[in-house]
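Residue numbers (UniProt numbering): 1 to 391.
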């Protein structure tokens with residue numbers, strides 16, 4: 001994140017001696033991005049952060065991908081998708097490419113495994129539920145509508161207070177606010193639809209005692225996503241203090257201020273985050289276009305450079321009426337195919353002043369494949385609904 005935060009105790013000067021009351025040195029760890037050239041934080045551990053006593057293969061859930069061929073729009077019904085209950089180990093792959101993977105999991109009320117993604121940042125949308133994410137930086141409460149941003153290589157686990165539905169967007173890069181929202185020094189600008197007050201990071205250290213603690217690590221081998229199960233002699237949650245500009249945080253979708261216009265506004269005005277070769281947008285309840293002849297639903301458009309993924313999470317999405325889309329649905333509209341509203345939705349939208357709808361959109365700039373979860377959850381009739389047919 002772009003602004004400085006201090007949690008717990010840190011020494012007056014970085015890279016200097018820092019000892020506990022018994023005179024024992026704390027172990028300083030720099031966690032930084034882009035080879036010492038971007039955001040970083042300094043963490044002070046009781047134990048040695050590099051010490052492990054075992055490493056073995058962690059067999060990930062099925063990571064296979066099937067190309068969208070023949071090319072067609074897809075409807076995936078995630079609420080029909082059975083998953084295990086571990087927020088980390090039981091994720092099912094829905095869509096993915098070489099830049100980003102989109103998954104889904106419906107958790108139980110038990111804590112997940114300890115976990116670290118060494119490939120990229122994670123942006124996890126909380127469709128439903130509440131609880132906390134315990135991290136090496138401290139504890140983050142989460143609730144329905146939160147985006148939980150977890151930087152690459154942050155050890156953490158999910159502790160639901162109730163069963164939760166999670167929509168993990170796993171990047172091969174970092175995830176951050178769009179550059180056009182930021183000053184040259186990283187402050188969110190006045191035209192941004194949210195500000196630093198809306199971002200909630202850890203507020204105090206989280207110290208846990210333990211020995212021989214297993215942590216699941218996701219990483220890459222020869223371009224493939226693989227897993228390793230590491231065992232640490234002391235608990236990784238042993239940080240007495242940290243400071244810097246890199247840490248996990250939450251942002252709730254209700255704190256986003258939609259941008260509207262006289263005629264229909266394009267998706268970039270709804271953008272909330274970006275990663276390498278993809279963006280995340282959210283469509284929220286809002287006043288709609290106020291030109292007297294405006295057509296509030298989107299015009300037909302060909303995403304010649306991107307695939308568009310919409311996850312419908314609330315309300316009644318006007319443009320998709322009559323298509324079978326509902327809460328818990330994903331639509332995939334691929335590049336090379338013109339898409340837009342169902343024909344009946346155009347006339348029905350005329351004169352509307354307000355849309356009561358919520359959706360999370362991911363646009364990618366490389367084609368998306370279907371994961372095994374996506375194939376399992378597909379509604380095969382969706383592609384033909386613009387023609388008024390069901391096959």
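Yeah, the Cβ is synthetic: ideal placement off N, Cα and C, and Gly gets one too. Remember, it's a predicted structure, so these values are computed and weren't measured experimentally.
Exercise. Straight-line CA distance for residue 391 to residue 378?
Worked result: Because the pLDDT at residue 391 is just 49, under 50, the model does not fix this residue reliably, and the point stays unresolved.
Out of 68, 104, 139, point me to the one whose CA is closest to residue 247's CA. It is 139 whose Cα lies nearest to the Cα of residue 247.
Q.
Only counting the same chain, and skipping five residues up and downstream in sequence, which positions put a Cβ closer than 7 Å to that of residue 366?
A. The residues are 97, 98, 99, 277.
Entirely enclosed beta strand (DSSP E) segments - the region 158-188, minimum 3 residues = If only uninterrupted beta strand (DSSP E) runs of at least 3 residues are considered, those enclosed by the region 158-188 are 165-171.
*asked:* residue 358 and residue 258 - do their beta-carbons sit closer together than 8 Å?
replied: The answer is no: Cβ separation not under 8 Å.
**OP:** Along the beta strand (DSSP E) that carries residue 364, what are the first and last residues, could you check?
**Re:** Start and end: 357-364.
Exercise for the section: Measure the C-alpha to C-alpha separation of residue 253 and residue 151 and round it to an integer number of angstroms. Expected result: Between residue 253 and residue 151, the C-alpha separation is close to 19 Å.
Are residue 41 and residue 243 closer than 8 Å when you measure CB to CB?
Residue 41 is a Cβ neighbour of residue 243, given a cutoff of 8 Å.
Q. In chain order, which continuous runs of the beta strand (DSSP E) of length 3 or greater are located wholly inside the region 269-304?
A. Within the region 269-304, the complete beta strand (DSSP E) runs of at least 3 residues fall at 271-275, 278-283.
Within 10 Å of its beta-carbon, does residue 114 have 16 or more other beta-carbons around it, so buried, or fewer, so exposed? Buried, by the Cβ-count rule.
Task: Assigned exposure category for residue 58 - 16 Cβ within 10 Å defines buried - done: So residue 58 ends up on the buried side.
Would you mind stating whether residue 65 and residue 370 have Cβ atoms separated by less than 8 Å? Yes, the Cβ-Cβ distance between residue 65 and residue 370 is below 8 Å.
If you run the structure through DSSP and keep just helix, strand and coil, what is residue 391? Any reading at residue 391 must be qualified, since the residue scores a pLDDT of 49, below 50, and its modelled position is unreliable; the value itself is stated next. For residue 391, the three-state secondary structure derived from DSSP is coil.
Item checked: Spatial distance of residue 295 from residue 261 (CA atoms) -> If you take the alpha carbons of residue 295 and residue 261, they lie about 12 Å apart.
*asked:* Taking only three categories from DSSP, how would you classify residue 5?
replied: Residue 5 falls in the strand class under three-state DSSP.
DSSP puts residue 370 in a beta bridge; with which residues? Looking at the DSSP output, residue 370 shares a beta bridge with 66, 95.
- Look at the Cβ atom of residue 336, then the Cβ atom of residue 299, and state whether they are nearer than 8 Å. Not a contact, by the Cβ cut-off of 8 Å.
Residues of its chain near residue 101, where Cβ-Cβ distance is below 7 Å and the 5 sequence neighbours each way are ignored: So the list reads 93, 170, once near-sequence residues are dropped.
- Look at the alpha carbon of residue 63 and the alpha carbon of residue 372, and state the distance between them as a whole number of angstroms. The alpha-carbon atoms of residue 63 and residue 372 are separated by roughly 7 Å.
For residue 130 and residue 147, which I take to be in contact (beta-carbon distance under 8 Å), what is that distance rounded to the nearest angstrom?
Distance from residue 130 to residue 147 at the Cβ level is roughly 14 Å; contact not present, criterion being Cβ atoms closer than 8 Å.
Return the bridge partner residues of residue 128 from the DSSP annotation. Partner(s): 165.
Next on the checklist: Does residue 149 come out as helix, strand or coil in the three-state DSSP assignment?
Outcome noted: In the structure shown, residue 149 sits in a strand (DSSP, three-state: E or B).
* Decide if the region 303-312 is in contact with the region 42-54; the criterion is three or more beta carbon pairs, one per stretch, under 8 Å apart. => No, the region 303-312 is not in contact with the region 42-54.
Next item on the list: Would you mind stating whether residue 354 and residue 287 have Cβ atoms separated by less than 8 Å?
Entry: Yes, the pair counts as a contact, with Cβ atoms nearer than the cut-off.
Checklist entry - In whole angstroms, what is the alpha-carbon distance linking residue 104 and residue 383? => result One alpha carbon belongs to residue 104, the other to residue 383, and they sit about 22 Å apart.
Throw me the rounded Cβ distance for the residue 144 and residue 128 pair, which I believe falls under 8 Å.
About 5 Å separates the two Cβ atoms, so the contact holds.
Exercise. How many Å lie between residue 217 and residue 90 at the Cα?
Worked result: About 14 Å.
Check whether residue 323 and residue 385 have beta carbons under 8 Å apart
Yes, these two residues count as a Cβ contact at 8 Å.
Proximity to residue 345 [Cα-Cα], best of 333, 329, 320, 330: Looking at the Cα atoms, 320 is the closest of the given residues.
Quick check on the burial criterion: 16 or more other C-beta atoms within 10 angstroms. Buried or exposed for residue 86? That one is buried.
Margin query: One question on the structure: do residue 119 and residue 225 come within less than 8 Å of each other, judged by their Cβ atoms?
Written below: At the C-beta level, residue 119 and residue 225 come within 8 Å of one another.
Problem set entry | Length of the line joining the Cα atoms of residue 394 and residue 163 | The question about residue 394 has no answer, for the chain in this structure spans 1 to 391.
- Message: What does DSSP give as the partner residue(s) for residue 38 in the beta ladder?
- Response: None; residue 38 has no bridge partner.
Expressed to the nearest angstrom, what Euclidean distance is found between the alpha-carbon atoms of residue 381 and residue 82? Cα-Cα distance, rounded: 21 Å.
**Asked** Using DSSP with H/G/I as helix, E/B as strand and the rest coil, what is residue 258?
**Response** Residue 258: coil per DSSP, three-state reduction.
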